[in-house]
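Below: the structure, in structure tokens.
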Amino acid sequence: MRILVVEDEKKIAAFIGRGLAAEGFNPLLCARGDDALSLATKERFDAIVLDVMLPGRDGLSVLRQLRERRNTVPVLLLTARSNLSERIDGLNAGADDYLGKPFSIDELVARLRAIQRRQSGEGLNLFQCEDLTLNLSTREVTRAGKKIELTTREFALLEYLLRSPGRVLTRTQLCEQVWDYHFDPGTNVVDVCIQRLRRKLDDGHAVKLVQTVRGVGYTLKPGA
Ligand code: CA
0 MRILVVEDEK KIAAFIGRGL AAEGFNPLLC ARGDDALSLA TKERFDAIVL DVMLPGRDGL
60 SVLRQLRERR NTVPVLLLTA RSNLSERIDG LNAGADDYLG KPFSIDELVA RLRAIQRRQS
120 GEGLNLFQCE DLTLNLSTRE VTRAGKKIEL TTREFALLEY LLRSPGRVLT RTQLCEQVWD
180 YHFDPGTNVV DVCIQRLRRK LDDGHAVKLV QTVRGVGYTL KPGA
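Position 133, counted from 1, in the sequence shown is what numbering that gives the first Met the number 0 calls 132; the numbers after and before it change by one each time, with no gaps.
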């Protein structure tokens with residue numbers, strides 16, 4: 000896999016380059032956003048690891064330009080761990096995945112391999128529960144064949160529930176995984192989002208999928 004690594008911090012770039020090469024990838028390092036855009040336009044890469052804060056042109060702008068030019072190369076964004084809006088902007092701009100800094104090479108490699116599997120069509124890009132489907136590639140959700148429009152957050156919540164079939168997930172887990180809060184926000188954000196999701200997914204269907212487990216949390220499974 001030929002990977003374009005766009006990172007201006009020399010130490011991090013070298014760390015990624017070494018790590019990817021050791022895992023059998025073929026990384027090309029680039030330190031500026033404008034250079035990355037012209038490289039990605041001229042040459043073919045299997046994926047781009049793209050930092051957001053860059054000289055020349057920031058990562059989100061590189062990504063938007065690529066997608067405007069109908070370039071569908073998979074892009075994994077490197078974001079500041081605490082910056083949620085950056086991630087949401089990134090996904091909306093067409094990123095395939097993101098990783099918060101600092102990260103381990105193992106995790107980066109795992110994400111790149113997952114991207115590779117999705118590209119070759121063998122990966123888990125389609126999640127299903129009864130007649131509900133979620134397609135990670137097209138970001139499309141359907142129930143009984145009918146398309147359902149979800150917000151970015153509702154989609155993330157549903158994706159997380161679908162990745163843990165039959166498991167009861169606590170509010171704390173959902174807060175951490177979907178909202179990135181590592182503290183109790185003292186609000187009912189999870190419950191409010193679950194209610195919206197439930198209306199969109201279950202209204203008008205005899206079989207309900209979003210289940211509340213009293214005093215514990217939520218799970219996705221067919222029920223009355
Ligand atoms: Ca940077």
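For glycine and all other residues, C-beta sits at the position ideal for the given N, C-alpha and C.
Here the structure is a predicted model, which is why all the values come from computation and not from measurement.
- Task: Rounded to whole angstroms, what's the CA-CA distance from Asn51 to Phe14? Just pull it up for me.
- Result: The sequence given here has Val at residue 51, not Asn. Those two C-alpha atoms are separated by around 17 Å.
- Message: On the CB-based measure, 16 or more other CB atoms within 10 Å of its CB, does Gly58 come out buried or exposed?
- Response: buried
- Opposite Phe126 in the DSSP bridges: which residues? Leu133
- Under the three-state reduction of DSSP, which class applies to Gly99: helix, strand or coil? Of the three classes helix, strand and coil, the one that applies to Gly99 here is strand, per DSSP.
- Query: DSSP puts Gly216 in a beta bridge; with which residues?
  - Reply: Beta-bridge pairing links Gly216 to Thr169 and Val212.
- Query: With burial defined as no fewer than 16 other Cβ atoms inside 10 Å of the residue's Cβ, what is the status of Asp96: buried or exposed?
  - Reply: buried
- Message: Please state whether the Cβ-Cβ distance between Asn82 and Ala39 is less than 8 Å.
- Response: no
- Query: Looking only at DSSP bridge pairs, what is Asp190 linked to?
  - Reply: The secondary-structure analysis by DSSP pairs Asp190 with nothing; it has no beta-bridge partner.
- Leaving out five residues before and five after Thr212 in sequence, what residues of the same chain have Cβ atoms less than 7 Å from its Cβ? Note that residue 212 is Val in the sequence shown here, rather than Thr. Here the set comprises Val167 and Thr218.
- Asn91 versus Ile104, Val74 and Asp105, residue with shortest Cα-Cα distance: Val74
- Can Leu45 and Arg1 be called in contact, C-beta distance under 8 Å? The residue you asked about is not Leu; residue 45 is Asp in the sequence shown. Yes.
- Query: Buried or exposed: Pro164, going by 16 or more other Cβ atoms within 10 Å of its Cβ?
  - Reply: exposed
- Does DSSP put Asp50 in a helix, a strand or coil? Secondary structure at Asp50: strand, using DSSP grouped into helix, strand and coil.
- Task: Would you identify the three-state DSSP class for Leu149, choosing helix, strand or coil?
- Result: coil
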